[in-house]
Each structure stands twice: as structure tokens, then as C-alpha cells.
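Chains as they are written, first to last, in my numbering: chain A, 3 to 388; chain B, 3 to 388; chain C, 21 to 310; chain D, 21 to 310.
Below is one structure, written out as C-alpha cells, with a few remarks after it.
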Amino acid sequence: MLIHEYQAKEFLKHLGIKIPEGGVAETPEKVREIAEELLVPVILKSQVLSGGRGKAGGIIIARNPEEAEASARNLFGKKLITGQSGNRGLTVRKILVEKTLKIKREIYLGLTVDRRNEGVAAIVSSEGGMEIEELARSNPELIKKEYLSPETGLLPFQGRNLAYFLELQNGAFNTFIEYLRKLTGFFLSHDLKLLEINPLILTEEDELVAADAKMDFDDCSLFRHPEIAALEDLSEASPQEIEARHFHLNYIKMDGHIGCLVNGAGLAMATMDIIKYFGGEPANFLDIGGGVTEEAVSKAFEILIEDPQVTSALINIFGGIVRCDLVAKGIVASARKVSLKKPVVVRMEGTNVAEGKKILEESGLPFHFVNNFEEAARLAVALSRT
Amino acid sequence: MLIHEYQAKEFLKHLGIKIPEGGVAETPEKVREIAEELLVPVILKSQVLSGGRGKAGGIIIARNPEEAEASARNLFGKKLITGQSGNRGLTVRKILVEKTLKIKREIYLGLTVDRRNEGVAAIVSSEGGMEIEELARSNPELIKKEYLSPETGLLPFQGRNLAYFLELQNGAFNTFIEYLRKLTGFFLSHDLKLLEINPLILTEEDELVAADAKMDFDDCSLFRHPEIAALEDLSEASPQEIEARHFHLNYIKMDGHIGCLVNGAGLAMATMDIIKYFGGEPANFLDIGGGVTEEAVSKAFEILIEDPQVTSALINIFGGIVRCDLVAKGIVASARKVSLKKPVVVRMEGTNVAEGKKILEESGLPFHFVNNFEEAARLAVALSRT
Amino acid sequence: MSILLDESSRVLVQGITGKQASFHTQRMLEYGTKVVAGVTPGKGGQRHLGLPVFDTVEQAVKAEAPDVSVIFVPPLAAAEAIMEAASAGIKLIVCITEGIPVLDMLRAKKFLKEKGSLLVGPNTPGVISPGKSKVGIMPAHIHQPGSVGIISRSGTLTYEAVYQLTSLGLGQSTAVGIGGDPIVGLKFVDLLELFKNDLQTEAVVLIGEIGGTAEEEAAKYIKQSNYPKPVAAYVAGLTAPPGKRLGHAGAIIEGGQGSAGEKLQKLKEAGVKIIDNPARIGQTVKDLIS
Amino acid sequence: MSILLDESSRVLVQGITGKQASFHTQRMLEYGTKVVAGVTPGKGGQRHLGLPVFDTVEQAVKAEAPDVSVIFVPPLAAAEAIMEAASAGIKLIVCITEGIPVLDMLRAKKFLKEKGSLLVGPNTPGVISPGKSKVGIMPAHIHQPGSVGIISRSGTLTYEAVYQLTSLGLGQSTAVGIGGDPIVGLKFVDLLELFKNDLQTEAVVLIGEIGGTAEEEAAKYIKQSNYPKPVAAYVAGLTAPPGKRLGHAGAIIEGGQGSAGEKLQKLKEAGVKIIDNPARIGQTVKDLIS
């Protein structure tokens with residue numbers, strides 16, 4: 003779970019890590035007010051849950067309070083389209099207003115769970131401000147990693163290895179190690195998956211200041227961190243996505259025309275893939291999961307079939323833990339409710355498949371039954387075009 | 003470094019581990035006062051740094067305050083001779099006065115650095131109150147161990163394994179695991195080598211109460227625990243031992259007649275052994291160490307030669323880091339000061355041996371030079387009898 | 021021969037008295053799996069589904085000598101259950117639980133390395149050696165004994181693959197779900213190595229998905245070892261949008277890495293037969309063998 | 021051949037700019053040891069005793085490719101220095117430092133197990149393969165190349181043993197101080213194993229002392245492996261009182277265990293030649309060989 007920059011910076015502040023002076027505003031007037039207090043050129047940073055905000059026009063420097071207010075007026079309500087936002091973009095609802103810094107150097111500092119090495123990687127680069135994956139491809143020699151044990155955290159020599167790599171001096175050297183130690187402790191105690199300070203600024207006064215901050219928490223750990231779970235911002239989620247979450251459905255909206263309802267993440271991906279393979283475009287990823295209820299199936303079907311972009315649907319169930327009859331009941335209830343008009347292709351196998359098909363057939367609703375996975379996909383693609 | 007039972011119990015109390023009600027007294031009147039407050043039969047426990055206090059008569063039950071005062075009057079100033087105290091015994095200066103407990107069961111609970119397995123062992127037994135080494139020989143099936151990693155501490159299943167082994171029920175089950183978790187945390191954060199609660203009492207009210215407590219801290223770690231170092235009780239150390247400590251000399255008084263001054267622990271032990279081998283008895287263990295100063299050598303020589311039990315001395319130096327000339331200077335200074343009358347055998351090898359011997363020879367003092375280790379020992383033994 | 025499991029495997033169920041565990045233990049017993057005991061702290065001494073229940077794995081090991089354990093305990097205690105099993109000397113641990121915090125798994129894996137136990141999962145349907153032993157939650161009836169080894173990061177997609185194979189008359193030696201989490205126990209490489217030495221196995225199917233580098237590592241291993249048996253692979257998620265987690269905690273394209281296309285490319289270069297159409301997994305393997 | 025060290029060993033000194041380290045580095049250089057670099061954080065880029073100084077072991081490894089490191093850093097940082105060396109890929113770490121907290125050493129040893137480096141010490145005079153390389157603080161002149169391997173928990177007592185051997189014309193293949201602390205790296209058993217395969221070594225001398233069970237483990241190993249070379253042993257502390265720490269942190273008889281008598285008994289039963297009189301170490305070995 004990603005949190006906003008301003009929220010991440012609150013955590014940094016509590017840890018004793020320097021952040022720029024500033025505040026969060028939800029109105030242009032408040033932006034001006036904060037700018038007036040800061041007394042100098044300020045930077046306005048749109049608080050949306052995505053990287054690439056700068057390129058998308060979401061970050062603006064203002065030389066005085068008036069300019070700040072005017073820029074903020076433009077930003078609020080604007081849809082930022084970034085590499086990760088999809089075509090709909092992300093609406094600017096909050097702006098972080100900060101004092102600009104006198105920059106001597108920009109550093110990258112990141113902590114992440116490293117799947118390959120099965121440890122926590124502390125990563126630094128002397129080229130802050132760039133995307134680290136980009137840099138890893140173009141200039142790997144500018145990056146240094148240390149692998150930390152989740153039990154011991156940062157060992158002193160690992161901090162030194164990184165600080166010497168960055169060629170930090172005197173006070174900044176020790177401050178950097180201290181920051182890293184605190185961040186590692188926070189990372190491990192709060193179950194983060196990713197923590198980035200990019201850039202970490204070495205100011206002309208030789209202070210280290212976190213100019214940006216990204217924190218991504220492990221969703222699976224939120225049960226033990228209710229205070230983190232409470233920070234979730236659902237303002238960008240569609241009503242469908244929020245409803246799906248409520249029913250523990252894995253639903254992701256996409257741009258195609260064929261709605262998919264599948265059990266299991268792998269089979270759901272494969273269903274999207276086969277639609278594409280036969281020339282169609284999936285309208286969504288939807289994994290109803292193993293412990294699904296009839297009610298949740300109903301909701302799942304409703305969400306996908308009411309999507310105005312959807313012109314046909316493909317239901318692909320391989321009953322295992324999930325019983326086909328339960329899925330069938332849920333679909334029928336929902337299809338009746340929405341007075342189904344779109345073509346729906348059903349492919350079912352596994353646990354209680356006969357009972358499931360019987361329920362669908364007896365409903366009198368216009369389902370297309372296809373036993374073969376491939377044929378089902380072909381038909382759903384064909385039907386989406388009629 | 004061992005601390006007293008009452009000090010160890012203070013730590014337990016801070017950790018939230020139940021200890022019997024009571025207090026420490028240094029006078030019989032104070033003992034009576036505490037006994038009056040406790041209102042029931044009390045137990046008087048002599049606070050000396052040794053096990054086996056019960057057998058030595060250092061632990062007494064008193065049925066009323068008068069009896070408590072009378073018993074305390076007998077105890078204060080008494081010399082307790084235990085298995086670990088040596089013949090001189092340990093003087094009772096403080097008495098811990100505690101309410102007696104209604105005992106349902108007695109449990110042994112210990113944490114120790116296990117040299118063989120190179121981990122921290124948590125050890126329990128359903129037979130509390132006995133010495134664990136004794137029990138390990140006679141009834142090993144009554145003991146269960148779990149090895150804890152110094153990084154993770156107690157894993158929940160390890161606590162359960164031990165608690166089920168002890169057949170604890172309900173509240174006591176969970177309390178036991180909680181105690182163990184806290185004790186492990188304390189052990190690891192405070193650098194203990196041994197922590198024993200023996201017995202841990204299960205009372206008739208099903209509460210777990212630490213009836214006794216032993217804590218031995220790692221001397222090497224005291225630099226980072228000044229608050230622990232401050233608890234050291236030197237009241238039993240002889241002035242010689244305190245002086246030796248002050249000069250970083252490893253000095254241990256023994257019961258023989260031949261004083262030893264050696265560099266290196268292994269060679270010092272070997273020197274004691276060879277004295278014994280030739281029928282003598284060493285008066286002390288003394289390792290002057292590698293980083294010794296001339297002044298410390300002087301002090302070392304003074305301590306051993308002024309011991310009234312000593313009838314001859316053996317100086318055995320194998321110069322490595324330690325230079326023979328430095329040792330010689332130290333000895334000469336000291337020998338002059340005490341106007342040496344006892345025979346001293348000197349065997350020197352290694353770094354600057356020629357210079358060392360020259361200094362000793364030119365001092366005009368009556369040193370016996372022997373180059374051979376064996377001959378030196380023989381002579382020292384012979385001289386001790388004249 | 022098969023790998024990991026055979027007729028003699030003695031299975032312990034951790035968390036046996038739970039609802040899911042009870043249901044699936046019943047199914048395993050019906051399949052003929054030698055389930056010998058269960059563990060639920062606090063319920064030691066009881067019997068459940070006709071099996072003895074113990075408070076600790078250690079007690080269960082002492083009494084019934086299981087060599088495999090299958091874990092159905094909730095996410096917050098599952099990593100610890102893995103460590104408990106390893107500490108008690110269980111050789112193969114199959115963790116069904118989904119949703120274990122990733123740092124818990126890092127700690128558990130470090131622990132496993134010291135103890136030397138093998139882990140399958142977490143977030144796996146389990147392992148089955150058809151006709152011999154089933155340890156997990158997969159529907160039994162779709163399987164049939166045979167010569168194809170299956171290694172998969174997915175649950176239902178594995179069933180799909182097995183179903184296709186069985187429909188074409190191709191049985192399976194062992195099917196292993198390695199789990200959909202970012203940090204799992206045995207990976208493609210480890211299992212390829214086991215299948216290599218398994219006489220019963222003639223060909224191996226890898227079912228990968230987006231995220232991580234397990235498929236790339238498999239490709240490297242296959243290439244470097246001149247893998248002696250034919251391997252076919254399907255990788256799910258060609259249509260997956262970057263940065264989105266697709267159901268499995270481990271199924272996410274991060275920082276431009278872990279896409280299906282990249283994985284397929286590497287596998288192809290290693291000489292693996294690529295399956296483009298997930299409806300043709302069975303047919304592809306059939307063509308590959310004959 | 022010798023063990024652990026030979027002419028080609030490239031040695032790094034951690035904490036090189038300290039007083040003790042400087043003194044002994046000078047001695048090592050005089051002996052002909054290939055000291056190639058030093059590390060002192062904050063002094064990288066300087067030169068000391070003609071050697072390049074680096075801020076981190078990693079930098080030193082990159083520049084000078086040492087395969088042995090000798091540690092002279094203070095107790096509070098020494099365990100960490102061991103981990104730093106292991107992390108940087110140093111194969112043999114010799115830790116001279118005395119007084120490292122025991123829990124620090126437990127952590128360091130766990131770390132070493134993961135990295136696979138060998139540790140000698142702490143609280144050791146070091147290792148010397150006479151005529152080839154000396155890594156430590158032992159007086160060089162008493163040694164001479166030869167065929168006796170020495171493994172000892174003590175410093176000066178080792179010098180005594182070496183002196184006796186050399187005086188009788190018996191040289192040493194390698195002399196290893198394993199250290200006087202309760203938790204050390206290589207133990208008697210590990211080094212006996214190395215000496216077993218060393219062609220230069222004809223006989224081994226063990227010098228033990230009270231405390232712990234290293235001697236008992238050695239006895240067991242010698243017995244079980246039918247150790248093919250003659251072994252003689254002296255164990256210091258027959259006169260040691262129980263419960264008292266005799267100089268070395270590890271030299272203490274605890275709970276009735278770790279006495280010299282017990283150790284000697286076990287070694288005797290394993291067929292080891294027991295040396296009663298510490299002045300006869302050399303003579304005993306001479307009799308044993310000839």
C-alpha cells in the first residue's frame with residue numbers, strides 16, 4: 003500500500019530525518035498562506051499516488067506567494083497522466099508546499115525487499131533524482147547495494163560501505179549512516195516493501211534533507227499495523243474497485259471490451275492472455291478467489307457486466323475449493339437483477355460442475371456454454387464485436 | 003559479574019515478573035520491621051555471592067517478627083562457607099526478608115550462553131530447587147532445552163514447547179511464556195551469561211513467582227552497561243584482589259606457599275601445575291597480561307611477596323608482547339621497596355631477555371636465575387620449604 | 021519414483037482443527053495420503069478426523085514420525101509454523117497459507133537454511149504425486165499417474181494444465197505449486213533439478229507468471245545444465261499492466277522488470293518450448309514427448 | 021605444505037593505524053609476511069608503514085586482493101570487524117582482540133556460517149607457518165620450519181611449547197592459537213582435520229586448558245576418525261579452583277564441568293599421549309615421533 007509523499011515525510015520527521023519546511027494544502031488560499039510563511043521561492047508538489055509527477059506537470063516552482071496561489075489554482079482538480087496512472091489520470095486534491103533547498107548534491111537512497119536475494123537491499127546512488135531502475139540499466143557502476151538481514155538490520159560496516167561509496171564527508175557521513183539506521187529500523191518494524199528517498203539532498207550547508215519520500219507497505223502485514231492501514235487514500239479508486247475490495251475480489255479495470263470472471267490469479271491472467279491471443283481485449287482482471295461467497299460472485303458479475311465498455315463476458319471457472327454451483331447461483335442472482343442483455347460465455351470445470359451448469363441453464367438466461375477453454379475464448383471475442 | 007539475589011529481583015520486578023513481597027535489611031531491627039509489615043512467616047535470605055546458601059545455614063524461616071530479629075542477629079556478620087566460597091567464607095552483610103509462598107510446584111528456569119552449541123539455551127525442569135547440573139546427570143529426562151538465536155530471541159513455538167513440557171495450564175501457561183520472552187529480551191539486551199530462576203514457584207493460587215534469582219553478566223560487556231557495572235559488590239574481595247584489579251592484573255589467591263608471577267593465562271596455569279607436579283602448592287594465580295606497565299609489575303610482585311603465606315616465589319616470563327626488561331624493572335623497584343627477604347626464582351625467555359636479566363643482576367638483590375622451566379619450578383618448590 | 025512425495029510419505033497437518041484444514045485433510049485421507057497426525061496448540065490429546073492431535077510439532081514428530089507437514093494456519097502465525105516444523109526436523113514443509121507478510125517469510129527462509137528443511141509455498145495448492153500421495157488442496161480427480169512433471173506458480177492454472185494433460189491421456193509424475201508469493205521456498209530451479217533425477221519424469225511443464233526472476237533463473241539453469249529432458253513453459257500475464265498486483269502477492273511488474281515477455285524470451289533462448297495459448301498446454305507437451 | 025597460511029598468503033590488517041597493530045604489522049613485515057594493505061575507517065587514502073590504508077575492507081579487497089585478514093580493533097567493534105571481513109569475502113580471519121562480549125561473538129559466528137569464512141580467535145596470538153608467513157603477535161625467533169603442528173588455547177604457553185620443540189631441533193609446520201574465549205572460530209577438531217591432510221605435518225600437539233568441551237570433542241574426533249598421526253596433549257589448569265576465571269574468559273570450571281582432569285581422561289582414552297609436566301612438551305613429542 004502506497005502512501006502519499008506528505009504522509010511518508012511525517013514518518014521521516016518523527017524518525018528525526020530532516021525534511022524541507024512546508025505544509026499540505028487543499029485550497030489555493032491555503033497554498034498562498036503556507037508560501038507566505040515560508041518567505042522564499044516554494045515548490046508545489048501534487049499529492050497523487052504515482053511517480054513521474056514532474057513530467058506530468060504536477061510539480062511547480064513559485065517565486066512568490068501570488069504565483070504559488072495562481073499555480074495551485076491550476077493544479078487543483080487537474081488530472082495528472084503519468085506512466086502509472088492509466089489514461090484516466092489522477093486528480094490533484096492536495097498540494098505539498100515546501101521551501102526550496104540550496105542543492106549541492108542529489109543522492110538516491112532506497113530500501114527494498116529483494117526477491118532474488120531474499121533479503122532487504124539498501125541501495126544508494128550518487129545520482130539522485132533519477133529513477134533507480136533506469137540508472138541500473140544505464141550506469142550500474144553508480145549504484146551500490148548492501149543486503150541486510152531482517153533480524154540484524156543495518157550493520158555498522160554496511161552503513162560505512164555505502165557512505166564511503168557516496169563520498170560523504172564529516173557531519174554528512176555520520177548523519178547519512180544514522181538516517182540509514184533509522185530508516186532500516188522503521189522499514190523492518192513497519193513491514194515496508196519499498197522506501198525511497200529520491201533525492202536525498204546534500205544542501206550547501208552540508209545538511210542532508212529528504213526532498214522526496216516514497217513508502218510502500220506490505221498489504222499482507224496491515225493487520226498488525228492498523229495505524230498504517232488507516233492512511234490508505236481511496237479517492238482515486240472507482241466505486242467498482244471499492245466495492246470489489248469490500249467483497250475481497252481482486253479486480254483491476256482495464257481498457258478492453260470483454261469482461262472476465264475467473265477463479266484464481268493465474269487462470270485469470272491466462273484468460274486475459276487468451277482473449278488477447280484471439281484478437282480481443284480484456285476489460286478487466288478479476289479473480290474471485292478461493293473463499294468467495296455467493297454474494298461476492300453476484301457483486302463481481304454486476305461490476306463487470308455493468309461496465310459500459312464491456313460488450314461480452316467470459317466466465318472461466320475451474321472448480322477446486324470454489325464450487326461451480328455456488329458461482330452459478332451468484333451469477334444468476336446478479337444477472338436477474340441487472341436484466342442481462344450482453345452475451346455471456348460460460349466455461350466451467352471441476353467441483354460440482356454439473357450442478358452449476360444446471361442452475362445456469364434452468365435460469366432461462368441467455369448464457370453460452372462452451373466446455374473447451376479455447377473455444378470459449380474465441381466465442382467471447384467474436385461476441386464482443388457483434 | 004554476579005549480582006546479589008535482591009538486585010536480580012529488582013530487575014525481575016521491572017520486567018513485570020512477580021517476586022515475593024519483602025525487602026532488604028542491613029540490621030536485625032530492620033529485619034524485624036520488614037517482618038512486621040509482611041505479617042506472616044518470613045524467610046531470611048543471606049545476600050552473599052554464592053550458591054549453596056541454604057546448606058551453609060544462610061537461609062532461615064521465621065514464624066514471627068521476634069524470631070526473625072533473633073535469627074537475623076545470628077546471621078549478620080556470620081561467615082558462610084559454601085562450595086564456592088573457599089575456606090575463608092563469605093560474610094553476611096545484607097539479608098533479604100520475604101513473605102513465604104504457598105507452593106504447589108517448583109520449576110527450574112534458566113538462560114545461559116551455551117558454548118558447545120554457540121547459542122543461548124533456555125532450560126527448564128519440572129524439578130525446581132535442585133542444582134541443574136546435578137539434575138542433568140541424575141535425571142536428564144526431567145530437563146528440556148531450546149536453543150535461541152541471539153538475533154531473534156525466543157520464537158513463540160519454543161516458548162510453547164517448554165511450557166507444554168512443564169505441563170502448565172491456562173493462565174500459568176501464558177504467564178510462563180511471557181516471562182520467558184521478557185527474560186530472553188533482558189538477557190540479550192543486557193549481555194548476561196547466566197540467568198536462573200530456581201525455583202520459579204507455581205503457587206496454590208496458580209501464580210508464577212520467582213522465589214530465587216541469579217544473574218551473571220558478561221564482564222567483557224560491562225563497558226556498554228555502566229548501570230550494571232555499578233552494581234558490583236567488592237566487599238568480599240581482599241585488598242590485594244582489589245589492588246590487582248585496579249592494575250588490570252588477573253590475580254586469584256590460593257592456599258599454597260609459592261607465589262607465582264607469570265605473563266599469560268595458559269603459562270600461569272601451567273606454572274601452577276608444574277609446582278604441584280613437583281610437590282609444591284601455588285599461593286596464587288597471577289597473569290600480568292600483555293599490556294602490563296612497569297608500575298603494575300611492581301604492584302603484582304608486591305602483592306604476592308607480601309602474602310604472609312608465601313615462602314618462595316617463582317617468576318616465569320616468556321617475553322612476547324611483554325618485554326623482559328620492563329618486567330625486571332618493575333620487580334626490582336618493588337623488591338627494593340619491600341626489602342626482599344624471601345627467595346625468588348626467576349626464569350625468563352623471549353623479548354629483551356638479556357636486558358631483563360642484566361637489570362635483575364645489577365640490582366644486587368638475591369634472585370635465583372634458572373633458564374630451564376622445569377629446574378626453575380623444582381628450585382622454587384625446594385626453596386619454599388627451607 | 022516421483023519427487024518430494026510417494027506412498028510412504030507420512031504427513032502432519034498443522035492447524036488441523038481449522039475449517040479449511042479439516043475439509044482438506046478429509047480429502048487427503050480419501051485420496052490415500054498417509055496423514056498420521058495433526059497439531060493445534062491447546063488441543064493436544066484430542067482426536068480429529070480419527071487422527072491424534074498434538075500441542076506441538078515436536079510432540080507429533082516424537083509420536084508419529086511424520087516427514088512431511090502441511091500448514092493451514094492463519095497468516096499471522098504461518099511463518100512461525102514453518103519454523104516450528106523445521107525445528108522439529110520435518111524434511112518437507114508445504115505451506116498453503118496465503119497472505120503471509122513478506123518480512124516474516126524472509127526470516128523463516130533464513131531459519132530454514134540453517135535447519136536444512138525444504139519448503140513448498142506459501143500460497144500454494146500443494147504437491148501431488150498422483151496415485152501415491154496428495155498434500156494440498158488440489159482437486160484430486162483431474163490427476164492421473166504418468167510421466168509429466170509440473171512446476172507452477174499458480175493454483176487454478178495448474179489444475180487447467182493438469183486437466184488438459186489428463187484429457188490427452190498424459191499423466192503426471194508430480195505436480196508442484198511453488199506458490200504465488202514474492203518469497204517462496206523451492207523454486208523452478210530446485211524442482212527442475214529434482215525432476216532431472218526422477219526416472220518417472222519424461223518432460224517438465226513450467227507455469228510461470230509475471231513478477232520476480234524465477235523464470236529467468238530457470239532459463240539460465242536449463243541452458244547451463246544442458247537440461248536432459250524436454251521442457252515446455254507457459255507464462256501468464258502477457259496482458260498485465262505494469263505496477264498492478266494481479267491477485268498473487270508476487271505477480272507484479274515492478275520497475276519495468278518481471279514482464280511475461282522478458283521471461284518468455286529468456287526461456288526460449290534456453291531451448292524451452294514456449295506455449296503461447298494457455299488452452300494448448302496439454303497438446304504442446306504431447307507434441308513435445310511424441 | 022602447512023595449513024591456513026603459506027608464502028602466497030596476502031594479508032590485510034584491520035585497525036592498522038593503532039599502536040599495537042602498527043608494532044605487530046612491522047614485525048610481520050620483517051618476518052616476510054605478505055602484508056598488502058590496512059583498513060582504518062576515516063584514514064582511507066593514507067599510507068602507513070609503507071602500506072595503503074583503506075576505509076573499508078571491501079575497498080581493500082578490491083584494490084589488493086588479500087585472502088587473510090588480521091584484526092586489531094578494540095573489543096566493542098571487533099565482532100563487527102569480523103563480519104565486515106567475511107562480508108567482503110576474506111577467507112581466513114584472525115582476530116587478535118581480547119575481551120569481545122560473548123553475545124557479539126555468537127552473532128558474528130552465525131554470520132560467518134552464512135558467509136563461509138574461517139575464523140581463528142578471538143583472543144589469539146594468531147597463526148604462524150614458520151619460514152612462510154606469520155599472522156599475529158607471537159615472537160618470531162623461537163619458531164623454525166618443521167613437521168610438528170600445534171593447536172593451542174593459550175598464548176605464552178604456546179611460545180613455551182614452540183621454544184621447547186625448537187630447542188630440541190623440532191620445527192613446526194603451523195602453530196595456531198585458537199583463542200582463550202568461550203566462543204571462538206576454528207576449534208581443535210577443525211584444525212586436526214586440516215593437519216590430517218597436511219603432508220608437512222607428522223605429529224600434532226594440542227594445548228588445552230580448563231573450561232568448555234573443545235578438548236573432549238577433540239578426543240571424540242581422534243577416536244572416531246582413527247586419527248592417522250600421533251597426537252600429544254597438555255591441558256593447563258589441573259590446580260585450578262572451580263568457579264574462578266583464570267585469565268582467559270573461557271578458562272573456568274563451571275557446574276563441575278570443564279576440569280583439566282576430565283579432559284585429560286578423555287584424551288587418554290582416545291589414544292592421545294598425555295603430557296603431565298609442561299616443561300616436557302618438546303621431549304614428549306620428540307619421543308613420540310622417533
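Even glycine gets a Cβ: it sits at the ideal position worked out from N, Cα and C.
Just the C-alpha distance for residue i and residue j, rounded to the nearest angstrom, thanks.
| i | j | result |
| --- | --- | --- |
| V312 of chain B | G282 of chain B | 12 Å |
| G322 of chain B | T37 of chain D | 21 Å |
| G18 of chain B | M217 of chain A | 36 Å |
| N246 of chain C | V77 of chain C | 41 Å |
| D300 of chain A | T259 of chain C | The amino acid at residue 300 of chain A is misidentified as Asp; the sequence shows Ser. Cα to Cα, the separation comes out at about 25 Å. |
| V324 of chain B | G266 of chain B | 10 Å |
| F280 of chain A | V347 of chain A | 15 Å |
| A231 of chain B | A165 of chain B | 33 Å |
| G121 of chain B | L132 of chain C | 17 Å |
| F375 of chain A | L362 of chain A | 18 Å |
| E377 of chain B | N318 of chain B | 12 Å |
| E209 of chain A | L226 of chain C | 52 Å |
| D116 of chain B | I36 of chain B | 39 Å |
| F249 of chain A | G293 of chain A | 11 Å |
| E27 of chain D | Q34 of chain D | 20 Å |
When you compare each of the options to residue i by their alpha carbons, which one comes out closest?
| i | options | result |
| --- | --- | --- |
| E125 of chain A | A:I145, A:R117 and A:S140 | The amino acid at residue 125 of chain A is misidentified as Glu; the sequence shows Ile. For the residues A:I145, A:R117 and A:S140, the minimum Cα distance to I125 of chain A belongs to A:I145. |
| E222 of chain D | D:N143, D:G136 and D:P248 | D:P248 |
| Q277 of chain D | D:L177, D:V33 and D:K264 | D:K264 |
| V93 of chain C | C:I301, C:P298 and C:S42 | C:S42 |
| A58 of chain A | A:E69, A:L82 and A:L306 | A:L82 |
| P241 of chain A | A:A337, A:A379, A:E308 and A:L103 | A:E308 |
| S140 of chain A | A:Q171, A:E129, A:M274 and A:R118 | A:E129 |
Taking all protein chains shown into account, decide if residue i is buried (16 or more other Cβ within 10 angstroms of its Cβ) or exposed.
| i | result |
| --- | --- |
| G366 of chain A | exposed |
| E180 of chain D | buried |
| V42 of chain B | exposed |
| I170 of chain C | buried |
| A356 of chain A | exposed |
| R162 of chain B | buried |
- Message: Taking 8 Å as the cut-off, does the stretch 139 to 157 of chain A touch the stretch 44 to 59 of chain D (at least 3 CB pairs, one atom from each stretch)?
- Response: Contact check between the stretch 44 to 59 of chain D and the stretch 139 to 157 of chain A: fewer than three CB pairs, one atom from each, fall below 8 Å, which does not count as touching.
- Continuous beta strand (DSSP E) assignments of at least 3 residues falling wholly in the stretch 231 to 256 of chain A: Secondary structure remark: continuous beta strand (DSSP E) runs of at least 3 residues inside the stretch 231 to 256 of chain A, in chain order: 252 to 255.
- Query: Unbroken beta strand (DSSP E) runs of length 3 or more, entirely within the stretch 252 to 291 of chain B: which are they?
  - Reply: If only complete runs of 3 or more residues are kept, the stretch 252 to 291 of chain B shows the beta strand (DSSP E) at 252 to 255, 260 to 264 and 286 to 289, in order along the chain.
- Unbroken stretches of the alpha helix (DSSP H), 4 residues or longer, contained in the stretch 135 to 191 of chain C: Within the stretch 135 to 191 of chain C, the complete alpha helix (DSSP H) runs of at least 4 residues are 176 to 187.
- Query: Which whole runs of the alpha helix (DSSP H) in the stretch 28 to 75 of chain B are 4 residues long or more, in chain order?
  - Reply: Correct list: 30 to 40.
- Take every Cβ of the stretch 137 to 146 of chain D, pair it with every Cβ of the stretch 188 to 199 of chain D, and state whether three or more of those distances are shorter than 8 Å. Yes, they touch.
- Message: At 4 residues or longer, what runs of the alpha helix (DSSP H) sit wholly inside the stretch 240 to 264 of chain D?
- Response: Counting whole runs of 4 or more residues, the stretch 240 to 264 of chain D contains no alpha helix (DSSP H) stretch at all.
- Message: At 3 residues or longer, what runs of the beta strand (DSSP E) sit wholly inside the stretch 306 to 337 of chain B?
- Response: List check, beta strand (DSSP E) in window: 314 to 321.
- Would you check if the stretch 286 to 295 of chain B and the stretch 253 to 262 of chain B touch, i.e. whether three or more CB-CB distances between them fall below 8 Å? Short answer: they touch.
- Query: So, do the stretch 293 to 306 of chain C and the stretch 154 to 165 of chain D have three or more beta carbon pairs nearer to each other than 8 Å?
  - Reply: Using a C-beta cut-off of 8 Å, the stretch 293 to 306 of chain C makes no contact with the stretch 154 to 165 of chain D, since fewer than three inter-stretch Cβ pairs fall below that distance.
- Three CB pairs or more closer than 8 Å across the stretch 169 to 181 of chain A and the stretch 92 to 109 of chain C: With a cut-off of 8 Å, the stretch 92 to 109 of chain C and the stretch 169 to 181 of chain A do not count as touching, because too few Cβ pairs lie within range.
- Task: Report yes or no: do three or more beta-carbon pairs, one from the stretch 229 to 237 of chain C and one from the stretch 269 to 289 of chain C, lie closer than 8 Å?
- Result: Because the criterion of three Cβ pairs below 8 Å is met, the stretch 229 to 237 of chain C and the stretch 269 to 289 of chain C touch.
- Task: Could I get the ranges of all uninterrupted alpha helix (DSSP H) runs contained in the stretch 78 to 131 of chain C, with 4 residues as the minimum, in chain order?
- Result: 95 to 107, all fully within the stretch 78 to 131 of chain C.
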